[in-house]
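**Q** Residue numbers (my numbering): 69 to 219.
Just so it is clear, CB atoms sit at the ideal spot from N, CA and C, and this is done for glycine as well.
Sharing a structure below in structure tokens format, with a few things to ask.
Encoded structure:
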């Protein structure tokens with residue numbers, strides 16, 4: 069008896085297939101039993117056929133960016149913050165959003181300190197019942213904000 073699974077899934081081009089395998093010594097022959105364009109559906113079917121537990125994927129989170137200042141009207145230090153720390157992270161999937169927001173807060177605060185900005189700027193994380201956000205605040209006005217968003 070082999071320790072190989074009876075069913076497995078793999079892509080052929082853009083189509084994911086689930087294959088039933090028969091083992092004869094070192095030789096294995098596979099027969100396609102299911103196909104889908106969606107990888108998760110193929111994985112789910114493979115787990116079902118193998119009698120394995122399938123854990124549904126959790127919601128993937130993204131960072132949502134909001135600015136109260138147009139890019140043309142931003143001071144240079146704020147443009148640097150947006151281009152260096154915010155834009156590269158906008159389309160990334162985030163698993164641990166709290167850790168990312170805390171790291172970004174520290175990085176943005178360090179960058180602002182290095183730019184020798186003369187006006188007081190506050191970089192803080194606020195949390196309400198539903199969501200947590202990172203804010204860059206100047207004179208009581210929120211210039212930019214970042215939130216974790218689920219889809």
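Suppose you measure from the CA of residue 69 to the CA of residue 115; what does that come to, to the nearest Å?
**A** With a pLDDT of 46 at residue 69, under the threshold of 50, the modelled position of this residue cannot be trusted; read the value that follows with caution. Approximately 20 Å, taken between the alpha carbons.
**Q** Measure the C-alpha to C-alpha separation of residue 220 and residue 131 and round it to an integer number of angstroms.
**A** Residue coverage of the chain in this structure runs from 69 to 219, which leaves residue 220 outside it and unanswerable.
**Q** In chain order, which continuous runs of the beta strand (DSSP E) of length 3 or greater are located wholly inside the segment 70-111?
**A** Within the segment 70-111, the complete beta strand (DSSP E) runs of at least 3 residues are 75-80, 83-92, 95-104.
**Q** Whose C-alpha, out of 90, 83, 85, 82, is nearest the C-alpha of residue 19?
**A** With the chain represented from 69 up to 219, any question about residue 19 goes unanswered, as that position is not in the structure.
**Q** For residue 101, does the count of other Cβ atoms within 10 angstroms reach 16, so buried, or fall short, so exposed?
**A** With fewer than 16 Cβ atoms within 10 Å of its Cβ, residue 101 is classed as exposed.
**Q** Hey, how far is the Cα of residue 222 from the Cα of residue 139?
**A** This structure gives no information on residue 222, because the portion of the chain shown stretches from 69 to 219.
**Q** Using the rule of at least 16 other Cβ atoms within 10 Å of the residue's Cβ for burial, across every protein chain shown, is residue 122 buried or exposed?
**A** Exposed.
**Q** Buried or exposed, going by whether 16 or more other CB atoms sit within 10 Å of the CB of residue 169?
**A** Buried, by the Cβ-count rule.
**Q** With distances taken between CB atoms, is the gap from residue 104 to residue 87 smaller than 8 Å?
**A** Contact flag unset, no.
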